[in-house]
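S.K.:
Chains as they are written, first to last, in the working numbering: chain F, 1 to 643; chain R, 644 to 780.
1. If you count every other CB in all the chains shown that lies within 10 Å of the CB of residue 652 of chain R, and 16 or more means buried, which is it?
2. Use the C-beta contact count for residue 541 of chain F: other C-beta atoms within 10 angstroms, 16 or more gives buried, fewer gives exposed.
3. So, does the segment 741 to 751 of chain R touch the segment 430 to 437 of chain F, judging by three or more C-beta pairs under 8 Å?
4. For residue 647 of chain R, which residues of its own chain have a beta-carbon under 7 Å away from its beta-carbon, when the five flanking residues on both sides are left out?
5. Spell out whether any CB of chain F is found under 8 Å from the CB atom of residue 653 of chain R.
6. Looking only at C-alpha atoms, which of F/81, F/597, F/573, F/576 sits nearest to residue 584 of chain F?
7. Once you ignore the five residues that flank residue 360 of chain F on each side, which residues in its own chain have a CB closer than 8 Å to its CB?
8. Which partner residues of residue 699 of chain R appear in the DSSP bridge assignment?
9. Under 7 Å Cβ-Cβ, which residues of chain R neighbour residue 497 of chain F?
10. For residue 660 of chain R and chain F, any beta-carbon pair shorter than 8 Å?
11. Which residues in chain R have a C-beta closer than 7 Å to the C-beta of residue 435 of chain F? List them in chain order.
12. Can you tell me whether residue 699 of chain R is buried or exposed? The criterion is at least 16 other CB atoms within 10 Å of its CB, across all chains shown.
13. By alpha-carbon positions, which one of F/549, F/118, F/568 ends up nearest to residue 635 of chain F?
14. Could you check which residue in F/367, F/401, F/466 has the C-alpha nearest to that of residue 337 of chain F?
15. In the DSSP assignment, what residue or residues form a beta bridge with residue 642 of chain F?
16. Could you pull the start and end residues of the beta strand (DSSP E) that residue 341 of chain F belongs to?
17. Nearest-angstrom Cα distance between residue 323 of chain F and residue 385 of chain F?
18. So which residues on chain F does residue 733 of chain R lean against when the C-beta distance must stay under 7 Å?
19. Should residue 289 of chain F go down as buried or exposed, given a rule of 16 or more other Cβ atoms within 10 Å for buried?
20. So which residues of chain R does residue 483 of chain F contact, with C-beta pairs closer than 7 Å?
21. List, in order along the chain, the chain R residues whose C-beta lies closer than 7 Å to that of residue 480 of chain F?
22. Could you check which residue in F/356, F/348, F/345, F/333 has the C-alpha nearest to that of residue 314 of chain F?
23. Is the Cβ-Cβ distance between residue 231 of chain F and residue 265 of chain F less than 8 Å?
24. Whose CA, out of F/508, F/467, F/523, lies closest to the CA of residue 479 of chain F?
25. DSSP has residue 309 of chain F in a bridge; who is on the other side?
26. Can you check whether the C-beta of residue 557 of chain F is within less than 8 Å of a C-beta belonging to chain R?
27. Specify whether the segment 505 to 512 of chain F and the segment 449 to 467 of chain F touch according to this definition: at least 3 beta carbon pairs, one from each stretch, less than 8 Å apart.
28. Taking the beta carbon of residue 408 of chain F as the centre, do at least 16 other beta carbons fall within 10 Å, making it buried, or is it exposed?
29. By how many angstroms is the C-alpha of residue 253 of chain F removed from the C-alpha of residue 6 of chain F?
30. In whole angstroms, what is the alpha-carbon distance linking residue 296 of chain F and residue 310 of chain F?
31. What residues in its chain sit with their C-beta under 8 Å from that of residue 527 of chain F, if we drop five residues either side in the sequence?
32. Which whole runs of the beta strand (DSSP E) in the segment 223 to 287 of chain F are 3 residues long or more, in chain order?
33. Can you find a CB in chain R that lies within less than 8 Å of the CB of residue 439 of chain F?
34. In whole angstroms, what separates the C-alpha of residue 581 of chain F from that of residue 472 of chain F?
35. Going by other Cβ atoms of all chains shown within 10 Å of its Cβ, with 16 needed for buried, is residue 545 of chain F buried or exposed?
36. Which value, in whole angstroms, describes the spacing of the CA atoms of residue 175 of chain F and residue 291 of chain F?
Pasting the structure below:
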């Protein structure tokens, strides 16, 4: 180098050889430098380029020297480069240009061209000397990095993420503006220290957040922590999630921990809401006596209440509950379940399921589809309800009812049998007794003492009563088997017939009948006739001495709740009222019982069946009959018959 | 009147008391009418193969062949087609009266317990028989 430091201009004449040698040496030297070196004269004319230029650009010496080097620059950079160089040359000042240089393979590479002015010992300007360095890769990397950070900036802002960096050595924390905002600080605030991060974290969560920092360092894995902060300023609680990564130096020592923090409060609240909902459901499901399950769309169980294990004894049923079905129910249950799933509607069926002890119990299986906003089934919720006792009871009840029904049918048959016996076998002897009394009186009346005739007539009266009684019981038994019709009956007509049939007693007692508003009735004429015949004849029978009977009969249409239904129905209310001997109201119900008599037979004839018969007739027609009485004043009967 | 002819009335009844009373009352009101008593429907059907009665009285409840079967068979036979047949029973049931009409009985008589009533009934029937000279009532 010292040789070169001499002035070129002094090398003249005899010194020419030495000068040529020195030139060679210079070239050798500059060619070994791993950079492009160039020299220009005071006019700006390039006089020298080292070998590296020609290798890089592929130019020949005659193409490059002078101003030819500018041709190797990118067309867009050429003018700018020429301007800067010429200006610097004119000003005799150092310069630096960054331009794209066309490499021998045609690729433009970013390069920096740096030049400095050269002066001789006398201070005269001698031109420039400089170097060109390929900075293409560095520049590209920097650009890439710039792009990345721009993207990152965009991404973190868009995702509401704050970025931060912890210098491990100095323990200083650098926050992005957004991060500061998230923490409740002013985005422009400077001088935030580690403590400012640390102090807003919930005390309960602090330890874990720090532990995670240490853990990530130890395991060299990603740092991840979820914690709550009490935001500086407003003190609002927010859920945060931080993610970070350590960078290490060449020796493997940690340099910085870089990361982002996301506010996950909304997400967390949503999850919490779902969790609470689910917890509520579970609490409910666990406390229900039924076996509750939740499945996905395909029926794969996601949840089973603890009753499941209690009942089946295991949570691992190969095919779910299907394998626990009673063999006789399995096929049906499976097809019901498949059909329900296919049709996507609530369904239920009954099935016997085997418990942990191998016993089968009847269950009702119910399931409901859960749909999303679009109405698509996403889940199924179902239950197995133990109906075994109910079902068994039902079976028992059915058996019992069947037995009782057949018993009833039998007793009904017995009654029919009795009716038959009564009509043909019981009536027969009574009739005979009467016949022979009649023959005795007819054939031997004149030969019999008066007392004997009197006895015979008393036997005859007793036989009459016996006959009435038998007929009454027969009628009573027949009502049960009579078909109830819905014929319209002219009530006035019916009462007329009754009065004709009771003509003798009506005349004798000087009875008076008062009718008002006689609406037509509905029923079986013969039975309705019997009903009112009995009531009217009672009114004519139970009379006070010296008081001619007055019988008032009226009807009205009313709305009533029928005995067997819930809907209001139209009824005809009939009242039959008399002014006879009446009865104490305490007996109002008793008088409808069979063979109930309130008076001695000597005072009033009767079988004790009349009103029992009346009630039965009314019952059979779906109506009601009640009595009211005032002793010594009269009786009132109220009958409600379906219209 | 045609007194030369012997009128015959058959009563089928398993009740001997009733049959005795019937015979006694009939003898009272129509002494010339011949009375034949059989115990049940089977005997009556057998008898009518050889004897042509002028009227038949049938109890309903009888062993072997009852009154209804007997009535049906008589009405289907040549001889029974035209003679008066009366049901004579303790029953007073409307259903039995209805059935007797349907099966072609000439009348339905409920066995009375008073002699006077039976006297009246038999007087009416025999008078019609004699007046109508055996023709249908």
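No residue lacks a Cβ here, since even glycine has one placed at the ideal position from N, Cα and C. Remember, it's a predicted structure, so these values are computed and weren't measured experimentally.
M.R.: On the basis of the supplied data:
1. Translated into the one-based positions of the second chain, residue 652 of chain R becomes position 9. It counts as buried.
2. In the first chain, the residue the question calls residue 541 of chain F occupies position 541. Residue 541 of chain F sits buried, since 16 or more C-beta atoms from the chains shown fall within 10 Å of its C-beta.
3. Under the 8 Å Cβ criterion, the segment 741 to 751 of chain R does not count as touching the segment 430 to 437 of chain F, having fewer than three qualifying pairs.
4. Here residue 647 of chain R refers to the residue found at position 4 when the second chain is read from its first residue. Confidence at residue 647 of chain R is low in this model, with a pLDDT of 48, below 50, so the placement of that residue is unreliable and no value is reported for it.
5. Looking up residue 653 of chain R in the second chain gives position 10. No, because no Cβ of chain F sits closer than 8 Å to the Cβ of residue 653 of chain R.
6. Here residue 584 of chain F corresponds to residue number 584 of the first chain, with the count starting at 1. Looking at F/81, F/597, F/573, F/576, the one whose alpha-carbon comes closest to that of residue 584 of chain F is F/597.
7. The count along the first chain starts at 1 and reaches residue 360 of chain F at position 360. Excluding sequence neighbours, residue 360 of chain F sits near 326, 352, 353, 354.
8. The sequence position of residue 699 of chain R within the second chain is 56, counting from 1. Residue pairing of residue 699 of chain R in beta bridges, as defined by DSSP: R/653, R/728.
9. Indexing the first chain from 1 puts residue 497 of chain F at position 497. In chain order: nothing, as chain R lies at least about 15 Å away.
10. Counting from 1 along the second chain, the entry for residue 660 of chain R is found at position 17. Yes, residue 660 of chain R lies at the interface with chain F (some Cβ there is under 8 Å from its Cβ).
11. As a working note, residue 435 of chain F is residue 435 in the first chain. In chain order: 664, 756.
12. Within the second chain, numbered from 1, the residue matching residue 699 of chain R stands at position 56. Under this definition residue 699 of chain R is a buried residue.
13. For the purposes of this step, residue 635 of chain F is taken as the residue at position 635 of the first chain. Nearest of F/549, F/118, F/568 to residue 635 of chain F, Cα basis: F/549.
14. By 1-based counting over the first chain, the position of residue 337 of chain F is 337. The option with the nearest alpha carbon to residue 337 of chain F is F/367.
15. Here residue 642 of chain F is taken as the residue at index 642 of the first chain, counted from 1. For residue 642 of chain F, which the question treats as bridged, DSSP gives the partners F/571.
16. Within the first chain, numbered from 1, the residue matching residue 341 of chain F stands at position 341. In the DSSP assignment, residue 341 of chain F falls outside any beta strand (DSSP E) and within the unbroken alpha helix (DSSP H) covering 327 to 343.
17. For the purposes of this step, residue 323 of chain F is identified with residue 323 of the first chain, where counting begins at 1. For the purposes of this step, residue 385 of chain F is identified with residue 385 of the first chain, where counting begins at 1. The straight-line gap from Cα to Cα measures roughly 17 Å.
18. Position 90 of the second chain, counted from the first residue, corresponds to residue 733 of chain R. Around residue 733 of chain R, the beta-carbon contacts reaching into chain F at under 7 Å are 424, 427, 428, 431.
19. Your numbering for residue 289 of chain F matches position 289 in the first chain. Exposed is the label assigned to residue 289 of chain F, since fewer than 16 other Cβ atoms lie within 10 Å of its Cβ.
20. Locating residue 483 of chain F in the first chain gives position 483, counting from the first residue. Here the premise fails: no neighbours, minimum Cβ distance about 12 Å.
21. The residue labelled residue 480 of chain F in the question sits at position 480 within the first chain. Residues of chain R whose Cβ lies closer than 7 Å to the Cβ of residue 480 of chain F do not exist, since the nearest Cβ in that chain is about 16 Å away.
22. Here the question's residue 314 of chain F lines up with position 314 in the first chain. Residue nearest to residue 314 of chain F within the set F/356, F/348, F/345, F/333 is F/356 (criterion: CA-CA distance).
23. Along the first chain, one-based indexing puts residue 231 of chain F at 231. Along the first chain, one-based indexing puts residue 265 of chain F at 265. Going by C-beta atoms, residue 231 of chain F is not nearer than 8 Å to residue 265 of chain F.
24. Translated into positions along the first chain, residue 479 of chain F becomes position 479. Across the set F/508, F/467, F/523, the C-alpha of F/523 shows the shortest separation from the C-alpha of residue 479 of chain F.
25. Here residue 309 of chain F corresponds to residue number 309 of the first chain, with the count starting at 1. According to DSSP, which records beta bridges pairwise, residue 309 of chain F is partnered with nothing at all.
26. The residue you call residue 557 of chain F lines up with position 557 of the first chain. Residue 557 of chain F does not count as touching chain R.
27. They do not touch, by the three-pair rule.
28. Reading the first chain from its first residue, position 408 is the one you call residue 408 of chain F. The residue is exposed, with fewer than 16 neighbouring Cβ atoms inside 10 Å.
29. Along the first chain, read from residue 1 onward, the residue named residue 6 of chain F stands at position 6. Along the first chain, read from residue 1 onward, the residue named residue 253 of chain F stands at position 253. Any reading at residue 6 of chain F must be qualified, since the residue scores a pLDDT of 43, below 50, and its modelled position is unreliable; the value itself is stated next. Taking the straight line from one Cα to the other gives about 51 Å.
30. On the first chain, position 296 is the one that residue 296 of chain F refers to. On the first chain, position 310 is the one that residue 310 of chain F refers to. Cα to Cα, residue 296 of chain F sits roughly 23 Å from residue 310 of chain F.
31. Counting from 1 along the first chain, the entry for residue 527 of chain F is found at position 527. Excluding sequence neighbours, residue 527 of chain F sits near 479, 482, 484, 617, 620, 621.
32. List check, beta strand (DSSP E) in window: 223 to 230, 237 to 248, 254 to 263.
33. Numbered from 1 along the first chain, position 439 holds the residue referred to as residue 439 of chain F. Closer than 8 Å to some Cβ of chain R, the Cβ of residue 439 of chain F qualifies, so yes.
34. Here residue 581 of chain F corresponds to residue number 581 of the first chain, with the count starting at 1. Here residue 472 of chain F corresponds to residue number 472 of the first chain, with the count starting at 1. Going by the C-alpha atoms only, they are around 24 Å apart.
35. Sequence index remark: in the first chain, residue 545 of chain F carries index 545 (1-based). With fewer than 16 other Cβ atoms within 10 Å, it is exposed.
36. One-based indexing of the first chain puts residue 175 of chain F at position 175. One-based indexing of the first chain puts residue 291 of chain F at position 291. Straight-line Cα distance between these residues: approximately 54 Å.
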